[in-house]
């Protein structure tokens, strides 16, 4: 067995570090890591300001999240905000998003909660409900015309709520529901129009706030809190869907020359326009009702709905594009270059193209990227999503449809909280799926737990085929046991 060597003179035994020293080192290391983490995650300079009295700077942070937490400690009604290092207001306690500030030729882009791209033009309505700001202080969450989305903070302004602001809202006028759309928050004259029959829960002596057109509130702060927290304080127990705005195109509603002319005559129009410029009493749509009915019967697309869009897009059939180009639907007239509008050889060719090329193959075609349902809709669903930058285009078309005396068929509505698949037959294969809100026209009695509804597009062997004519037999099926849908009932 080997013997241990002797310790050399002057050598010392190695000592282990004391536990207290090790602990202190670990703490210092953790603190350094945390400090470094904070430095690396700094995303700007954010100052919280309270304007309740004289402007008071409460605190400044280099992390938006800390500033947001401090802002949320203020009373919801307090005029508090967060300003970034460039002096831009990037968050407020409660208020509205102001989409004004851009010329009419320039749209504002946003992304929906599902990440889908969208766009709107603030020239047609300036205010949306403010719902929050992203964790980096660069995007703002809003609700407007039914859609909830995220917009770049540089593209908008934020405004505290106050009674002095001219906000959008709804009210009753006789039997009609009137939407007052703000064209400027500081006292500019709003645009007001009837969008359909007034539901019973809207009183005649009150102003109602709503940024989705489905739930209505008497108090702005109650609305803001309810939308943010997803809990109701709306005056209506179930969401309301305007039947003149949310009826799909796949239904029939005959239109005669006399019925179309009646709407025009209320505007002083009593003759057909022949050349540009038109006289005040002339329109290319005068005596055109029968034409729209003929196209309806060819393509199974609602005549009154198409005529309503034509009235809206062509200024009662008196616009230069309508008279010179025979274009009454605004085809191709994009915001940045309206003069790119399509031209047609006749009004009949334009209406036929609208029905077949624009509706059948695009906006009523579940296999086309622009499809979000074939109703007029808003910025959450329907044709309005991709057809027009005006966030209230669908309401305006509905206003004309209401004046044309349209009676909505029986409708079934899904709010879009879950995707809505439709089937070729009860228990069969999926034909297409709505990712957002969905509206269906009932087409018969339930069977085997499913309800028959009109298909959005023609069907061939259980699949969408937009190259063939639509038939009365083009029916799909939806589950009968979905959560109870909101009914789009005509107003009383």
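Numbering (the numbering used here), first residue to last: -11 to 480. Heads up, the beta-carbon is just placed ideally off N, CA and C, and yes, glycines get one too. Nothing here was measured: the structure is a model prediction, and the numbers come from that model.
query: Cutoff 6 Å; reference residue 66; Cβ partners in own chain excluding five residues on either side; result: 40 and 81
query: Three-state secondary structure (DSSP) of residue 458; result: coil
query: Where residue 426 sits in the DSSP three-state scheme; result: strand
query: Close Cβ partners of residue 422 (< 6 Å) along its chain, the five nearest in sequence each way excluded; result: 408
query: Where residue 25 falls, given that 16 or more other Cβ within 10 Å makes a residue buried; result: Confidence in residue 25 is poor, its pLDDT being 48 and thus under 50, which makes the residue's placement unreliable; the coordinate value appears in the next sentence. Looking at its Cβ environment, which holds fewer than 16 other Cβ atoms inside 10 Å, residue 25 is exposed.
query: Beta-ladder partner(s) of residue 167, from DSSP; result: 158 and 181
query: Cβ shell of residue 257 (< 7 Å), same chain only, five flanking positions each side left out; result: 269, 270, 271, 274 and 304
query: N- and C-terminal bounds of the beta strand (DSSP E) containing residue 463; result: 463 to 467
query: CB contact flag (residue 118, residue 158, <8 Å); result: no
query: Residue 440, DSSP secondary structure in three states; result: strand
query: Start-to-end residues for the beta strand (DSSP E) that takes in residue 105; result: 105 to 108
query: Distance CB(residue 116)-CB(residue 92) smaller than 8 Å; result: no
query: Which residues DSSP lists as bridging residue 509, in chain order; result: Nothing can be reported for residue 509: it is not among the residues displayed for the chain, which extend from -11 to 480.
query: Residue 279 in three-state terms, based on DSSP; result: helix
query: Cβ shell of residue 290 (< 6 Å), same chain only, five flanking positions each side left out; result: 237, 239 and 241
query: Alpha-carbon spacing of residue 74 relative to residue 134, whole angstroms; result: 32 Å
query: CA nearest to the CA of residue 113, picked from 380, 46, 444 and 416; result: 380
query: Whole-angstrom distance between residue 97 and residue 126, CA atom to CA atom; result: 14 Å
query: Distance between residue 320 and residue 311 (C-alpha atoms, nearest Å); result: 16 Å
query: Distance between beta carbons of residue 424 and residue 369, contact taken as under 8 Å; result: 5 Å
query: Identity of the residue in 102, 36 and 352 nearest residue 406 by Cα; result: 102
query: C-beta atoms of residue 426 and residue 402 nearer than 8 Å; result: yes
query: Cβ contact check for the segment 282 to 299 and the segment 327 to 346: 3 or more pairs under 8 Å; result: yes
query: Chain-order list of residues whose beta-carbon lies under 6 Å from that of residue 388 (same chain, five-residue window excluded); result: 296, 299 and 300
query: Residue closest to residue 233, alpha-carbon to alpha-carbon, out of 372, 432 and 54; result: 372
query: Per-residue DSSP class, three states only, for residue 127; result: strand
query: Cross-strand partners of residue 69 (DSSP beta bridge); result: 37 and 80
query: Terminal residues of the beta strand (DSSP E) in which residue 147 lies; result: 145 to 148
query: Cross-strand partners of residue 86 (DSSP beta bridge); result: 115 and 145
query: Simplified DSSP assignment, three categories, for residue 222; result: coil
query: 4 or more residues per run - each alpha helix (DSSP H) lying fully within the segment 226 to 277; result: 231 to 234 and 245 to 253
query: Whole-angstrom distance between residue 131 and residue 76, CA atom to CA atom; result: 21 Å
query: Residue 494, DSSP secondary structure in three states; result: Residue coverage of the chain in this structure runs from -11 to 480, which leaves residue 494 outside it and unanswerable.
query: Reference residue 152; option with closest CA among 440, 411 and 173; result: 173
query: Residue from 413, 211 and 448 with nearest C-alpha to residue 200; result: 211
query: Helix, strand or coil at residue 190 according to DSSP, with G and I counted as helix; result: coil
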